[in-house]
Amino acid sequence: MGVPVFEISKDFVFSAAHQIRLHGGKCERLHGHNWRIRVHVRATQLNRIGMVVDFADLQRLVAEVGSRFDHQNVNEIPPFDTENTTAELLARFFYLETSARLAAAEAGRVTVSKVEVWENEGSLAVYREG
Ligand SMILES: [Zn+2]
1 MGVPVFEISK DFVFSAAHQI RLHGGKCERL HGHNWRIRVH VRATQLNRIG MVVDFADLQR
61 LVAEVGSRFD HQNVNEIPPF DTENTTAELL ARFFYLETSA RLAAAEAGRV TVSKVEVWEN
121 EGSLAVYREG
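Residue 98 in our numbering is what sits at position 98 of the sequence shown, and the numbering runs on without skipping anything.
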């Protein structure tokens, strides 16, 4: 038997514009997506009422990170004024930002296991750290 791991996830959806710098194709033109961000968090020990973390608390935390992008041009929002706005780099950004907030809120009991970013229904990027 391995170590039991509990994992939950929360979605955050935002609508925004972006352009992929240096793409050389149509993605370099300004266009929009309804991005779906799915943050997966895990714990080997549940809290005192049997949760990894309250879905509402996780929703608030993910929204704190993601709401800055809603109805904006992602290319104008740091760090994406200098980084490219690919799904991969957005996934890394959400991973790092939600990890820092979760570490402060849960003292290391709960960690982000991975972040998924959909640009559309069929296009998914995943970021995790080994
Ligand atoms: Zn795009």
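The beta carbon of each residue, even a glycine, is placed where N, CA and C say it ideally should be.
Checklist entry - Is the stretch 78-85 touching the stretch 44-56 in the sense that three or more CB pairs, one from each, lie closer than 8 Å? => result no
Next on the checklist: Restricting to runs no shorter than 4 residues, where is the alpha helix (DSSP H) found entirely within the stretch 69-129?
Outcome noted: 87-106
Checklist entry - LYS26 to ILE20, Cα distance in whole Å? => result 9 Å
Checklist entry - Going by Cα to Cα distance, which pick from GLU28, ASP57, PHE12, ALA56 is closest to ILE37? => result PHE12
Checklist entry - Under the criterion of a Cβ to heavy atom distance below 7 Å, does GLU28 qualify as lining ligand 1? => result no
Checklist entry - Is HIS33 near ligand 1, going by C-beta to nearest heavy atom under 7 Å? => result yes
Next on the checklist: Rounding to the nearest angstrom, what Cα-Cα distance links GLN72 and ASN84 in this structure?
Outcome noted: 15 Å
Next on the checklist: Using only the alpha-carbon positions, how far apart do ALA100 and GLU116 sit?
Outcome noted: 17 Å
Checklist entry - Exposed or buried, what is HIS18 when buried is set at 16 or more other beta-carbons lying within 10 Å of its beta-carbon? => result buried
Next on the checklist: So, under 8 Å CB-CB, HIS40 and GLU64 are touching, yes? Tell me the CB distance rounded to an integer number of Å.
Outcome noted: With 8 Å as the limit, HIS40 and GLU64 do not qualify as a contact, their Cβ atoms being about 17 Å apart.
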